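Take a look at the structure set out below.
Here it is in structure tokens:
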């Protein structure tokens, strides 16, 4: 399984990366520190799952999600944010799921199980 994590906070990015490795052995994870870089990576490489922050420099998770859905990207995209007011927008942009920060290991386990990953 290949996962792309797009998150500007290095601590959160590291937590997500380590948590996903703990939950799914053998997973291949790539990361981007902003939405613009993440979108470029997603357009060049196929991922089984993309996890993106909502508020980021250069390009928001909303814009990343919307652009990928416009490109025809059908794989799951999960948007995470500490701002509950962004949930409706993220889902409208095409997010498969919205997770509230702080994200827990249990939230991630549930997400993976629910998506069959």
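In our numbering, the protein residues as written are 3 to 119.
Note that beta-carbon positions come from the ideal geometry of N, C-alpha and C, so glycine has one too.
Here the structure is a predicted model, which means the values were calculated and not measured.
Can you give me the start and stop residues for the alpha helix (DSSP H) that residue i sits inside?
| i | result |
| --- | --- |
| residue 97 | No alpha helix (DSSP H) holds residue 97; DSSP gives it neither H nor E. |
| residue 76 | Segment: none, residue 76 is in no alpha helix (DSSP H) and carries neither H nor E. |
Return the CA-CA distance between residue i and residue j, expressed in angstroms with no decimal places.
| i | j | result |
| --- | --- | --- |
| residue 24 | residue 94 | 31 Å |
| residue 97 | residue 14 | 19 Å |
| residue 101 | residue 61 | 19 Å |
Between which two residues does the beta strand (DSSP E) holding residue i run?
| i | result |
| --- | --- |
| residue 25 | Premise fails: residue 25 lies in the alpha helix (DSSP H), 12-25, not in any beta strand (DSSP E). |
| residue 2 | Since the first and last residues shown for the chain are 3 and 119, residue 2 lies out of range. |
Per the DSSP calculation, residue i is bridged to which residue(s)?
| i | result |
| --- | --- |
| residue 4 | 30 |
| residue 83 | 102 |
field: At least three beta-carbon pairs within less than 8 Å, the segment 39-57 to the segment 7-18
entry: yes
Inspect the CB distances between the segment 104-114 and the segment 36-45 and report whether three or more fall short of 8 Å.
no
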